[in-house]
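Per the UniProt record's numbering, numbering of the sequence shown is gapless, rising by one per residue and ending at 471. Quick notes on the structure that follows.
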Amino acid sequence: ERCLYLRTKVAWHTKPYSCDQCGRSFTTYFSLTLHKRIHTGEKPYSCTQCGKSFTQSSNLLSHQRIHTGEKSFSCNQCMKSFISSSYLTVHQRTHTGEKPYSCDQCGKTYISSCHLTRHQRVHTGEKPYSCNQCGKSFTRPDSLVSHQRTHTREKPYSCDQCGKTYISSCHLTRHQRVHTGEKSYSCDQCGKSFAASGSLTLHQRTHTGDKPYSCGECGKSFTTSGSLTLHQRRHTGEKPYKKSYSCNQCGKSFVSSSGLTMHQRTHTGDKPCSCDQCGKSFSQSRYLALHQRIHTGEKSYSCGQCGKRFVSSSHLTVHKRIHTGEKPYSCGQCGKSFGQSHHLVSHQRTHTGEKPYSCGQCGKRFAASSTLTQHQRIHTGEKPYSCNQCGKRFAISSTLTQHQRIHTGEKPYSCGQCGKNFVTSRTLTRHQRIHIGEKPYSCDQCGKSFTTSCYLTSHQRTLRGKIQVLN
1 ERCLYLRTKV AWHTKPYSCD QCGRSFTTYF SLTLHKRIHT GEKPYSCTQC GKSFTQSSNL
61 LSHQRIHTGE KSFSCNQCMK SFISSSYLTV HQRTHTGEKP YSCDQCGKTY ISSCHLTRHQ
121 RVHTGEKPYS CNQCGKSFTR PDSLVSHQRT HTREKPYSCD QCGKTYISSC HLTRHQRVHT
181 GEKSYSCDQC GKSFAASGSL TLHQRTHTGD KPYSCGECGK SFTTSGSLTL HQRRHTGEKP
241 YKKSYSCNQC GKSFVSSSGL TMHQRTHTGD KPCSCDQCGK SFSQSRYLAL HQRIHTGEKS
301 YSCGQCGKRF VSSSHLTVHK RIHTGEKPYS CGQCGKSFGQ SHHLVSHQRT HTGEKPYSCG
361 QCGKRFAASS TLTQHQRIHT GEKPYSCNQC GKRFAISSTL TQHQRIHTGE KPYSCGQCGK
421 NFVTSRTLTR HQRIHIGEKP YSCDQCGKSF TTSCYLTSHQ RTLRGKIQVL N
């Protein structure tokens with residue numbers, strides 16, 4: 001009996017069957033046979049109702065339960081039901097916190113072996129599933145299936161409440177939580193709840209500071225693989241997506257229909273997402289989520305240098321550029337650099353003269369939608385931003401921020417040459433012209449130059465007064 005145990009143990013730890021295409025090893029010949037189907041694309045088990053094919057009979061059985069609606073396995077803690085016992089086992093670990101599968105490279109733990117396998121591809125860079133139309137590769141087979149639907153535009157999963165359709169079942173499940181309000185995933189540090197496990201994982205990185213995705217060229221790290229992919233395109237110059245969706249009003253093109261839909265709201269003014277506390281409306285749900293943090297006071301992202309806190313990671317990234325002086329967006333015509341991409345877009349319109357946003361009351365046109373919003377408050381008298389110390393109200397959030405520095409004495413903008421500090425970046429820019437001798441504002445009558453536009457205006461008034469006296 002002892003010898004049998006030892007033989008079984010040795011057999012369990014050895015992997016005598018290896019794949020001749022990728023070299024991966026397996027403990028049984030059956031596991032090797034299943035694995036080979038990844039390379040050959042063989043799917044011998046097909047559904048008689050929808051024709052979908054599978055590599056394993058067990059996967060077909062689980063799939064058929066989607067048609068029958070059968071969910072025989074239920075959780076005794078939350079009563080959630082599943083189509084297979086393996087899904088139930090993995091789900092139960094969300095209650096117990098058990099994560100039995102650990103990565104031997106970084107020590108990170110997971111609730112299922114498939115999650116571990118998927119994670120290990122971060123280290124190996126392996127993407128075994130490739131699209132036969134465009135050649136793009138993926139770490140997961142379901143990601144490939146969803147991607148292929150971007151070519152066919154198939155959306156087989158529809159919501160029975162609103163009729164909206166999706167390319168994958170997980171996207172539908174996530175959407176249905178909008179109707180039910182279900183948030184099954186909660187953070188064990190701050191208690192915040194989320195509708196998707198991926199959102200919880202991203203949130204937890206705000207506590208841990210974990211940035212598992214790093215660029216092989218410059219070493220910069222990111223919290224998500226998508227952010228890393230976007231960053232890497234700066235090095236490669238790659239533009240992989242065809243912009244197939246165009247706006248029939250302005251001609252601007254987008255890589256996805258959802259991107260086009262969001263853009264069209266800038267023309268129609270449609271803002272379907274509204275705050276249930278103050279009634280303010282937004283064109284996108286993510287803007288609403290950021291706005292709601294104004295009411296809750298939640299600021300999850302803090303600056304490591306000055307301790308200032310922000311409602312979103314993007315706001316923190318922009319703020320950090322105050323300390324580093326980084327301005328990654330530069331104008332191709334005049335070379336002027338900006339800390340934010342939308343500031344560059346607005347600036348470029350000074351060269352083109354484009355002003356796509358017009359006021360419905362007075363017809364005045366603007367280069368940026370935010371400038372139009374600020375202008376419209378002149379008509380409505382709206383001042384939504386109030387100081388929590390003195391109660392003074394403002395039409396623009398940046399004006400409130402500057403005002404609050406009167407109370408705090410904060411001067412976050414410092415001159416790199418003389419060390420003098422300023423309340424606003426504009427005041428710092430004006431000051432720096434003293435050092436470099438720049439005078440960008442010149443009088444068209446006498447040619448005299450000035451460091452600021454207000455000095456030029458004052459000069460022109462003096463000049464006009466002299467001319468009137470002479471006449």
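All residues carry an ideal CB built from backbone N, CA and C; glycine is no exception. Since the model is a prediction, treat every value here as computed from it, not as a measurement.
Around residue 441, the same chain offers 449, 450, 451, 452, 453, 455 and 456 as residues with beta carbons nearer than 8 Å, after the five sequence neighbours per side are excluded. For residue 436, the uninterrupted alpha helix (DSSP H) run begins and ends at 425-436, by DSSP.
Sequence-distant partners of residue 305 (beyond 5 residues in either direction) whose C-beta falls short of 7 Å from its own C-beta, in its chain, are 323.
Counting only residues of its own chain and dropping the five nearest sequence neighbours on each side, residue 17 has a CB closer than 6 Å to the CB of 26, 29 and 32. In its chain, beyond the 5 residues on either side, 159 have a beta carbon closer than 7 Å to the beta carbon of residue 176. Each residue's CA atom was taken as its position, placing residue 292 and residue 275 some 7 Å apart. Contact annotation: residue 171 and residue 157 have beta-carbon atoms nearer than 9 Å. Pairing residue 73 with residue 57 gives a Cβ-Cβ distance that is not under 9 Å. Look at residue 399 here: in three-state DSSP terms it is helix. Check the Cα spacing between residue 310 and each of 425, 22 and 206: the tightest is with 206.
The continuous alpha helix (DSSP H) containing residue 198 extends over residues 197-208. If only complete runs of 4 or more residues are kept, the UniProt domain "C2H2-type" (213-240) shows the alpha helix (DSSP H) at 225-236, in order along the chain. Remark: C-beta atoms of residue 127 and residue 119 do not approach each other more closely than 9 Å.
Residue pairing by DSSP places residue 165 opposite 158 in a beta bridge. Boundaries of the alpha helix (DSSP H) around residue 461: 453-470. Excluding sequence positions up to five before and after residue 407, its CB lies within less than 6 Å of the CB of 389, all in the same chain and listed in chain order. In the DSSP assignment, residue 191 falls outside any alpha helix (DSSP H) and carries neither an H nor an E.
When DSSP states are grouped into helix, strand and coil, residue 346 belongs to the helix group. Note on the region 39-103: whole alpha helix (DSSP H) runs with a minimum of 4 residues are 57-68 and 85-96, in chain order. Counting every other CB atom within 10 Å of its CB across the protein chains shown gives residue 283 a total of 16 or more, marking it as buried. With contacts defined as CB atoms closer than 9 Å, residue 460 and residue 445 qualify as a contacting pair. Under the three-state reduction of DSSP, residue 370 is assigned to helix. According to the DSSP secondary-structure assignment, residue 421 is paired through a beta bridge with 414.
Setting aside the 5 residues that flank it on each side, residue 297 has no residue in the same chain whose C-beta is closer than 7 Å to its C-beta. Residue 359: not part of any alpha helix (DSSP H); DSSP gives it neither H nor E. For residue 292, the enclosing alpha helix (DSSP H) starts and ends at 285-296. The continuous alpha helix (DSSP H) containing residue 322 extends over residues 313-324.
Take residue 300, set aside five residues on each side of it, and the residues of its chain with a beta-carbon closer than 7 Å to its own are 206, in chain order. Around the C-beta of residue 350, fewer than 16 other C-beta atoms lie within 10 Å, and the residue is accordingly described as exposed.
Looking at the DSSP output, residue 301 bridges to 310. In this structure, 331 is the residue among 259, 134, 331 and 231 with its C-alpha nearest to the C-alpha of residue 344.
A distance below 8 Å between beta-carbons, with the five flanking residues on each side excluded, links residue 220 to the following residues of its chain, in chain order: 214 and 231.
Within the DSSP bridge table, the entry for residue 330 names 337 as partners. The DSSP-derived three-state label of residue 186 is strand.
Under DSSP, residue 261 forms no beta bridge with any residue. When the five nearest sequence neighbours on each side are left out, the beta carbons in the same chain lying within less than 7 Å of the beta carbon of residue 395 are those of 374, 377, 382 and 383, in order along the chain.
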